[in-house]
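Data block below; observations after.
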Amino acid sequence: MQRFIPRRHALALLAALATMPVASAWAVDAGAQARSFVTMFGSKLVGVVNSDISLEKKKQDILPLLEQYVDVDAIGRYCLGRYWRTATPDQQARYIKLFHQVLVNAITDKIGDYRGVTFVVGSSAPSGDDTAVSTVINRPGQPGADTQWIISTASGSPKVVDVVGEGASLRLTQRQDYGSFIARNGGNVDALLRALDKQIANHH
Amino acid sequence: MRAETGSNSWSSRPFPSPRRPALRVVGVMLGLLGLASCAAPPPTDPDALAEYKEANDRYEKLNRKAFGITMWANKYTLRPVAKAYIWAVPRPLRNAFGGLYQTMNEPVVFFNDVGAGRPRRAGDAFVRWCINMTVGIGGLIDVANYAGYKHHDNDAGLTLATWGVPSGPYLFLPVLGPSSFRDGVGYGIDTGLSPWNYVPSGYGLVTFNWAYNIMGTINGMANNVDALDQVMKDSLDPYATIRSAYQQQRKAMAEAIKNDHRATVPDWYHTK
Numbered sequence: 006m007q008r009f010i011p012r013r014h015a016l017a018l019l020a021a022l023a024t025m026p027v028a029s030a031w032a033v034d035a036g037a038q039a040r041s042f043v044t045m046f047g048s049k050l051v052g053v054v055n056s057d058i059s060l061e062k063k064k065q066d067i068l069p070l071l072e073q074y075v076d077v078d079a080i081g082r083y084c085l086g087r088y089w090r091t092a093t094p095d096q097q098a099r100y101i102k103l104f105h106q107v108l109v110n111a112i113t114d115k116i117g118d119y120r121g122v123t124f125v126v127g128s129s130a131p132s133g134d135d136t137a138v139s140t141v142i143n144r145p146g147q148p149g150a151d152t153q154w155i156i157s158t159a160s161g162s163p164k165v166v167d168v169v170g171e172g173a174s175l176r177l178t179q180r181q182d183y184g185s186f187i188a189r190n191g192g193n194v195d196a197l198l199r200a201l202d203k204q205i206a207n208h209h
Numbered sequence: 003m004r005a006e007t008g009s010n011s012w013s014s015r016p017f018p019s020p021r022r023p024a025l026r027v028v029g030v031m032l033g034l035l036g037l038a039s040c041a042a043p044p045p046t047d048p049d050a051l052a053e054y055k056e057a058n059d060r061y062e063k064l065n066r067k068a069f070g071i072t073m074w075a076n077k078y079t080l081r082p083v084a085k086a087y088i089w090a091v092p093r094p095l096r097n098a099f100g101g102l103y104q105t106m107n108e109p110v111v112f113f114n115d116v117g118a119g120r121p122r123r124a125g126d127a128f129v130r131w132c133i134n135m136t137v138g139i140g141g142l143i144d145v146a147n148y149a150g151y152k153h154h155d156n157d158a159g160l161t162l163a164t165w166g167v168p169s170g171p172y173l174f175l176p177v178l179g180p181s182s183f184r185d186g187v188g189y190g191i192d193t194g195l196s197p198w199n200y201v202p203s204g205y206g207l208v209t210f211n212w213a214y215n216i217m218g219t220i221n222g223m224a225n226n227v228d229a230l231d232q233v234m235k236d237s238l239d240p241y242a243t244i245r246s247a248y249q250q251q252r253k254a255m256a257e258a259i260k261n262d263h264r265a266t267v268p269d270w271y272h273t274k
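Here it is in structure tokens:
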């Protein structure tokens, strides 16, 4: 369940305009490229998740994969929404650092829940400037989960910028969580930074 | 609020909601009408206005109260019961109960598939009902799934959406959970569509109906309790997170029905 046009900032728009002449040629095989990326990234993830090593080792092994194949900075900027523009450079830098940790915690927390995972890569379709790749993730004894991966090449190489599970975009849901929290704290980005700090400190 | 039909996805139906007596439906309807008088004025700042529109939550103040009460009540009532149920009943058995509940809701899915003008889906729901009520022992075993007829959800809120009826403002209904004006009305229609509400009393059927509803509620909560716990723990504003996920999922579900243009007859029928 997901469809949204990310709020682009001016620089990204300029970059998009500059690359327009090559964009149409790229679009032809963008779908195939995104599908093979998801197949490759998914296999690596599933390889770690299904392996017999300890949970701690799995968490360690997954970190480089996230750094390499997930555009955490872009997701972080998206999730801060309109407050990204009003935040000071110092707040932005602190936020991105905290967001990295929050995202990593959220993902590694889930590894223990998964065992014997398989996935099937389905079709791809354009999603704004990005490409959406459909997959079905299967876990033993549970119904398959329809999951879409939004792949962007804005950083120069294909990277995951969103995951859509059963229709809900993770980054959009997160943005509305953060946005509502900041709005209820008088539009103060520092309130969010303190809350994220606390969230990380309480994580175990 | 949708009927929980065994899916493990938390966000479309964080709160299980089996069929309920007509009285509650009347309460929901009256509540919807009463809301019209207590909307907050929209903000004037353009960015804040965009956010306000995206949230689609004109009655946020009231909805947050309903959310607070529901979560508090849930913590001390349904949640511990669901946790005990998970502890006591192994997963295969829980899945079987979920199947029973899902199968008995199949007529509602069927009527809505017809209403949405999707004969292929209606056919799937009808065949699932026939197979699972008989060979599947009332739904305890999902035989239809093995025969290639996979379960799909539908409800009157989605049917109205395929007719172009807008969702209207978001609502968080006490106990029932996330909804909207359209989905609240759809909930009333679904209650009317379910044949079980027309079964004459006597013959122990009232007892059966209660047992069935209570079982469906507990089973639905058990399927979602971990995801709900996680949202409450990980979100800075769980209310906003659930609001966002619910509205996105409802939109996506309606889109999926709109875009399902499969032929009514199977592929092999056309091949010579």
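Chains as they are written, first to last, in this note's numbering: chain A, 6 to 209; chain B, 3 to 274. Ideal Cβ positions, reconstructed from N, Cα and C, are used throughout, including at glycine.
1. Along chain A, in chain order, which residues have C-beta atoms closer than 8 Å to that of Ala242(B)?
2. At what residue ranges does the segment 168-247 of chain B contain a whole run of the beta strand (DSSP E), taking only runs of 3 or more?
3. What span of residues does the alpha helix (DSSP H) with Asn156(B) cover, start to end?
4. Have a look at Ser128(A) and Gly52(A) and give me their C-alpha separation to the nearest angstrom.
5. Could you name the residues of chain A that Glu53(B) contacts, counting a contact when the two beta carbons are closer than 9 Å?
6. When DSSP builds the beta bridges, which residues end up paired with Trp154(A)?
7. Report the residues of the segment 43-76 of chain B with a CB closer than 8 Å to any CB of chain A, ordered along the chain.
8. Could you check the C-alpha separation between Pro163(A) and Ile259(B) for me, to the nearest Å?
9. Alpha carbon to alpha carbon, how far is Trp212(B) from Trp198(B)?
10. Any beta carbon from chain A within less than 9 Å of Asn97(B)'s own beta carbon?
11. List the DSSP bridge partners of Asn143(A).
12. What's the C-alpha gap between Phe210(B) and Tyr200(B)?
13. Using the Cβ count rule (16 or more neighbours within 10 Å means buried), how would you classify Pro171(B)?
14. Under a Cβ-count criterion, where at least 16 other Cβ atoms within 10 Å of its own Cβ denotes burial, should Pro26(A) be classed as buried or exposed?
15. Within its chain, find whatever has a CB closer than 7 Å to the CB of Arg180(A); leave out the 5 residues flanking it on each side and keep chain order.
16. Under the assumption that Ala137(A) contacts Gln153(A) (Cβ atoms under 8 Å), give the Cβ distance between them as a whole number of angstroms.
17. What three-state label does DSSP hand Pro131(A) in the structure shown?
18. In chain order, what residues of the same chain lie with their CB nearer than 7 Å to the CB of Leu68(A), ignoring the 5 residues before and after it?
19. Just checking: is the beta-carbon of Ala37(A) within a distance shorter than 9 Å of some beta-carbon in chain B?
20. Which chain B residues are close to Leu177(A), counting only those with a beta carbon under 7 Å from its beta carbon?
21. Taking 9 Å as the threshold (beta carbon to beta carbon), is Pro94(B) in contact with chain A?
22. Counting only beta-carbon atoms, is Ser182(B) nearer than 9 Å to chain A?
23. Mind checking the segment 254-267 of chain B against chain A and listing, in chain order, the residues whose C-beta falls within less than 7 Å of any C-beta there?
24. By DSSP's criteria, Ser174(A) is part of a beta bridge. Which residues make up the other side?
25. Can you check whether the C-beta of Ser237(B) is within less than 9 Å of a C-beta belonging to chain A?
26. Within 10 angstroms of the Cβ of Ser56(A), are there 16 or more other Cβ atoms? Answer buried if so, exposed if not.
27. Would you mind reading off the limits of the alpha helix (DSSP H) that contains Ile112(A)?
28. Can you have a look at Val110(B) and say buried or exposed, based on whether 16 or more other CB atoms are within 10 angstroms of its CB?
29. Measuring only the C-alpha atoms, how far is Val122(A) from Gly47(A)?
30. Starting from Asp126(B), trace the alpha helix (DSSP H) both ways and give me its first and last residue.
31. Please classify Arg252(B) as buried or exposed, where buried requires at least 16 neighbouring CB atoms within 10 angstroms.
32. Starting from Thr72(B), follow the alpha helix (DSSP H) in both directions and report where the run begins and ends.
33. Please name the residue or residues paired with Val75(A) in a DSSP beta bridge.
34. Output the distance between the C-alpha atoms of His263(B) and Arg120(A), rounded to the nearest integer angstrom.
35. Are Asp157(B) and Asp192(B) closer than 9 Å when you measure CB to CB?
36. By DSSP, does Trp89(A) sit in helix, in strand, or in coil?
Let me lay it out:
1. Gln181, Asp182, Gly184, Ser185, Phe186
2. 172-175, 179-182
3. From DSSP, Asn156(B) is part of no alpha helix (DSSP H); its letter is neither H nor E.
4. 22 Å
5. Residues of chain A passing the Cβ test: Gly86, Arg87, Gln181, Gly184, Ser185, Ala188.
6. Per the DSSP secondary-structure output, Trp154(A) pairs in a beta bridge with Val138(A), Val168(A).
7. Asp49, Ala50, Ala52, Glu53, Glu56, Ala57
8. 31 Å
9. 11 Å
10. yes
11. Thr123(A)
12. If you draw a straight line from the Cα of Phe210(B) to the Cα of Tyr200(B), it is about 13 Å long.
13. Buried is the call here.
14. The pLDDT assigned to Pro26(A) is 49, lower than 50, so where the model puts this residue is not dependable; a value taken from the coordinates is nonetheless given after this. Exposed, since its Cβ has fewer than 16 Cβ neighbours within 10 Å.
15. The answer, listed in chain order, is Tyr83, Cys84, Gly86.
16. 5 Å
17. strand
18. Val109
19. For Ala37(A), the answer is no, since every Cβ of chain B falls outside 9 Å of its Cβ.
20. Ser246, Gln250
21. yes
22. no
23. Ala254, Met255
24. Val169(A)
25. yes
26. exposed
27. 94-116
28. buried
29. 10 Å
30. 121-136
31. buried
32. 62-78
33. Val165(A)
34. 36 Å
35. Pairing Asp157(B) with Asp192(B) gives a Cβ-Cβ distance under 9 Å.
36. helix
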